[in-house]
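>
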Amino acid sequence: MNELYPNDEKTSLLLLKNDDQKAFERLYQLYSSRIYGRILKLTKSEIIAGELLQDTFVKVWEKRQLINEELSFKAWLYRIAENEVYMFYRKLARDRRLQEYIIETFDESHAPTEGDLLLKESHELLHRAVEMLPQQCRQVFKLCRIEGRSYEETGSLLGISPSTVSNHLVKAGKSIRNYMLESGREYILLILSFFYFQFSLFF
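Just so you know, the UniProt record's numbering puts 155 at position 155 of the sequence shown, and the rest follows in order with no gaps.
1) Measuring alpha carbon to alpha carbon, tell me which residue in Ser12, Met132 and Ile35 is nearest Leu77.
2) Helix, strand or coil: how does DSSP classify Ser45 here?
3) Taking only the alpha-carbon atoms, compute the straight-line gap between Lys17 and Thr43 and give it to the nearest angstrom.
4) Near Ser12, which residues of its chain fall below 6 angstroms by C-beta distance, leaving aside the five closest residues on each side in sequence?
5) Is Leu157 helix, strand or coil by DSSP?
6) Output needed for Glu9: all residues of its chain with C-beta closer than 7 angstroms, excluding positions within five of it in sequence on either side, in chain order.
7) Under a three-way DSSP split, which group does Ile176 fall into?
8) How close, in whole Å, do the beta carbons of Val140 and Val165 come, if the pair is a contact with beta carbons under 8 angstroms?
9) Would you kindly check if the distance between the Cβ of Ile48 and the Cβ of Ala81 is under 7 angstroms?
10) Could you give the residue range of the alpha helix (DSSP H) that holds Arg138?
11) Using 7 angstroms as the limit for Cβ to Cβ distance, is Asn178 near chain D?
12) Give the secondary structure of Asp8 by DSSP, where H, G and I count as helix, E and B as strand, and everything else as coil.
13) Do Leu126 and Ala172 have their beta-carbon atoms positioned less than 7 angstroms apart in this structure?
14) Nearest to Leu30 by CA position, among Phe57, Asp19 and Ser45, is which residue?
15) Take the Cβ of Met87 as the centre, count every other Cβ of all protein chains shown within 10 Å, and call the residue buried at 16 or more, exposed below.
16) Alpha carbons only, please: which of Ile160, Leu15, Asn167 and Ser175 is nearest the one belonging to Arg64?
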């Protein structure tokens, strides 16, 4: 696929801001395969990646008036796509029916048990990352994030203040995040973020 020259892209962006659908289609043709690849890397599902790709470009059309043609459109587009993935995992963490749907409709190109294996791998990696934490940090993480205890209750059990509990959780989040990134399992980091961290691994 041929790249647009910078001036051509700028022209397409200006036209897009003026509701030009052909300009939108040109930009879609240019970037859709790369955006799809990025989403697929994060979700490991061709079905989900296809749906989120469409959601991404719908969002681009809805926000076309906000485009700054002087800045990198590609970087802006990647941010939108990644945000769509984050929102998908956030919904997945709360929606049992969606979790069941994902497992049932996981790519036909993968083994039938791929969905279960993905969840199993997520928990195994989390277990290894947690076991590498310092003792008290590990205890705090297990009590708060896995058992669901409050900061106050965890602090009372361990004889530390709620603020110390909070500090340990911040350290645990950073340590686990680094472990996942070093393992090359970025998509698992996303899954765990929404089940255990409520965005604390990203922001």
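Note that CB positions come from ideal geometry on N, CA and C, so glycine has one too.
Let me lay it out:
1) Ile35
2) coil
3) 30 angstroms
4) Ala23, Arg26 and Leu27
5) helix
6) Phe73
7) helix
8) 5 angstroms
9) no
10) Gln135 to Phe141
11) The chain inventory of the structure shown lacks chain D, comprising one protein chain alone.
12) helix
13) no
14) Phe57
15) exposed
16) Leu15
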